[in-house]
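Each residue of the sequence shown is one higher than the last, beginning at 111 in the working numbering. Even for Gly, the Cβ is constructed at its ideal location relative to N, Cα and C. A quick note: this is a predicted structure, and the numbers were derived from the prediction, not measured. Heads up: the structure comes next, in structure tokens.
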Amino acid sequence: MAIYHMQAKVVSRGSGRSAVAASAYMSCSRMYNDYDGIQHDYTRKHGLIYQEVMLPPIAPSKWIDREQLWNAVEETEKTKDSRLAREFVVALPVELDKDSNISLLQDFIKKNFVDMGMCADFAIHDTDGHNPHAHILLTVRPLNENGTWQYKTEKEYLCIKDGEEKGFTASEFKTAQKQGWEKQYRYKVGKKKEYLTSSAAQEKGYERIDKHPKSSRYGRQNPISEQWNSDEQLCIWRANWADAVNEMLARNQINATIDHRSFADQGITEQPTIHEGYMAQNMEKKGMIADRCEINRQIRADNKMLRELKAKVAKLAKAVEKSVPIIAETLEVIRNHMIFTQYHLLHNEMQKEVIHDWMNHFNPILNKYNTVKKKLNPIQHVKLNQQLTTVTEEIEELKSRKEQLIFQAQCSTDKDMTNLSKKYDQMNNNLDILDSQDISLKKQLEKDAAAFREEKFRPEPEQYTELLDTRIQIRHHRRDIAANEVDYLNVEDPDVFSHRAWELKYQREQEMRRNQPARAKKKSYNMEL
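Take a look at the structure:
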């Protein structure tokens, strides 16, 4: 079925990545990075369905070659922690064929990225035929009309006028200087160093010790880059992707939709299922029980019971008369509610056991992973990647051990392990929630039992048989653990109901037999007339 998934990431040197390597990976090609002299070869990687580079009209035409495009990006960015590209990973609907998915991506990328001035490099992957997804790599620096790169941030000088401090760029300062604004420089004032204007320092004869004027820490961001990097724009892209997919599904007459909003924003009170993943699904296909699939089955059963309970409570609220049939129905509704509550308690115990097993499995892996991660810090990792020929055996062993732990945890990346750690904490919180639910459910069970006893003894003793017969007509005869527990709590013998039900059935059969001769005799009399 169609699902919503859109993951946004930034490719930066600070995290040890390069734009050339990211493009080579997603296009399954061989590319040479002029910046660090490393050749990235992913030609043996499988699963590539389609790849394409899309450029805005102002971009140089030679950038249609992705190797030239991303080497131009690498050349422009000078710092060791530069942000090189923005990457999106989106899930494609399995209901659509290859051509429809390509058309969907091309239209979405053109309207949302290329028309805004970005260069886009994208590829479609599907390794097993059941998980079509796309990687979209985008430039983060705007382009000028002549096809050259714009600035990301511009230096902003903090100037003084009449005791007021204000920031100006180099071009703005030419006009501001004529209005009396002055730059500030560092001067030696006794044993201290202070920022002063040149005119103020000359009056007191201070010595300037730095030629660089005072400026803001991060400079002034390019307004186009500021828009691209904003959370508001990301929300717009997420919503636009959902709209684009739904439009394509409708165009192909497929009855399915996706929604980028969370369950809470959609007003859904039911508990959402968790992501199972292809490994868990493969285990289920082989006849094994995967923890994630088992949890989802329990969540679906929970949601179904919740819907049934809401319907029964609504029906109970409409009862206004207290006749014997109404009392009987009320008793059975309360009993069914108690059965559901008892079932919920049993289900909570099962769910807590699953969570305990899951946490016991992943706790040692997470602890070992965090220990390895502390030893393998990002700065050392980046430095070793740039000097591949001098990597030590100790780091290789740590990296190998780290990958083993990630594999044991059924994850792929560091981010997956971080999410796993968060999920572990969430599971721990779920145990507390389930314990809290147990307390409230037991209180509800006791409250319902008291209400049941009160209703049961309202009729007169001579009405007991009528009440019993009416309850037998209403009751859905089912026996399970929860029903037995409720009957025990209500001090009722289920055999009494079974025996009385048999008696009523026997009486009906005898009555039918007594009536049959009379009907036959009447028919014969009519024929003689």
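Asked, Found
"Expressed to the nearest angstrom, what Euclidean distance is found between the alpha-carbon atoms of PRO435 and GLU565?", "12 angstroms"
"Taking 8 angstroms as the limit between beta carbons, can you name the residues of its chain near GLY227, skipping five residues before and five after?", "PRO166, ILE168, PRO252, LEU253 and ILE334"
"Using only the alpha-carbon positions, how far apart do GLU187 and GLU264 sit?", "14 angstroms"
"Taking the C-alpha atoms as reference points, what is the distance between LEU530 and ILE465?", "13 angstroms"
"When the distance is taken between beta carbons, is HIS115 closer than 8 angstroms to VAL200?", "yes"
"In chain order, what residues of the same chain lie with their CB nearer than 8 angstroms to the CB of ILE399, ignoring the 5 residues before and after it?", "MET393"
"What are the start and end residues of each continuous alpha helix (DSSP H) run of 4 or more residues lying completely inside the stretch 148-230, in chain order?", "176-186 and 208-222"
"Less than 8 angstroms separating the beta-carbons of ILE159 and LYS208?", "yes"
"Whole angstroms is fine: what's the gap from ASN143's alpha carbon to ILE174's?", "17 angstroms"
"Is TRP92 buried or exposed, if buried means 16 or more other CB atoms sit within 10 Å of its CB?", "Look at the range of the chain in this structure, 111 to 639, and you will see that residue 92 is not part of it."
"Under the rule that 16 or more other beta-carbon atoms within 10 Å means buried, what is VAL482, buried or exposed?", "buried"
"Could you check the C-alpha separation between ALA559 and SER608 for me, to the nearest Å?", "21 angstroms"
"Report buried or exposed for GLU184, applying the criterion of at least 16 other Cβ atoms within 10 angstroms of its Cβ.", "buried"
"At a cut of 8 angstroms, does the stretch 147-159 reach the stretch 125-139 through at least three beta carbon pairs?", "yes"
"Using 8 angstroms for Cβ pairs, my map puts TYR267 next to GLY257. What's the rounded Cβ distance?", "Not confirmed; about 29 angstroms, so no contact."
"Since GLN408 and HIS471 are thought to touch, with beta carbons under 8 angstroms apart, how far apart are those beta carbons, to the nearest angstrom?", "Not a contact, Cβ separation roughly 18 angstroms."
"I'd like to confirm the pairing. Which residues does DSSP put opposite TRP259 in its beta bridges?", "LEU253"
"Taking the alpha helix (DSSP H) that LYS396 belongs to, which residues open and close that run?", "From DSSP, LYS396 is part of no alpha helix (DSSP H); its letter is neither H nor E."
"Here's the rule: buried if 16 or more other CB atoms are within 10 angstroms of the residue's CB, otherwise exposed. What is GLU402?", "In the sequence under discussion, the amino acid at residue 402 is Arg, which differs from the Glu named in the question. Buried is the call here."
"Tell me whether TYR142 sits in a helix, a strand or coil according to DSSP, three-state version.", "strand"
"Buried or exposed: where does ARG327 fall if 16 or more other Cβ atoms within 10 Å of its Cβ makes it buried?", "exposed"
"On a CA-only basis, which of ALA519, ALA438 and GLN620 is nearest GLN583? Give me that one, please.", "ALA438"
"So what's GLY126 in DSSP terms, helix, strand or just coil?", "coil"
"Assuming the contact rule is C-beta atoms closer than 8 angstroms, THR286 and CYS269 should be a hit. Round their C-beta distance to whole Å, please.", "Correcting the residue type first, residue 286 is Ala in the shown sequence and not Thr. At roughly 6 angstroms, the Cβ-Cβ gap stays under 8 angstroms, so ALA286 and CYS269 are in contact."
"Can the beta-carbon of SER308 be found closer than 8 angstroms to that of GLU292?", "yes"
"Provide the residue(s) that pair with SER325 in DSSP beta bridges, ordered along the chain.", "TYR267"
"Residues in its own chain within less than 7 angstroms of SER213 by CB, not counting five upstream and five downstream?", "none"
"Can you list, in chain order, the residues of its chain whose CB lies under 6 angstroms from that of HIS370, leaving out five sequence neighbours each side?", "TYR114, ARG348, ALA349 and ALA352"
"Helix, strand or coil for PHE232 per DSSP?", "strand"
"Within the same chain, show all residues whose beta-carbon is closer than 8 angstroms to that of GLN216, passing over the 5 residues directly before and after it, in chain order.", "GLU162 and MET164"
"State yes or no: is the C-beta of GLY124 within less than 8 angstroms of the C-beta of ASP191?", "yes"
"Which full runs of the beta strand (DSSP E) of 3+ residues lie inside the stretch 270-358, going along the chain?", "274-278, 292-299 and 302-307"
"Considering only C-alpha positions, which residue in the set LYS532, HIS454 and MET448 is nearest to ALA411?", "HIS454"
"Considering only their Cβ atoms, is the gap separating LYS512 from TYR534 smaller than 8 angstroms?", "no"
"Quick one: is LYS414 buried, meaning 16 or more other Cβ sit within 10 Å of its Cβ, or exposed?", "exposed"
"Quick check on VAL709: does DSSP put it in helix, strand or coil?", "The requested residue 709 is not part of the displayed model; the chain covers only 111 to 639."
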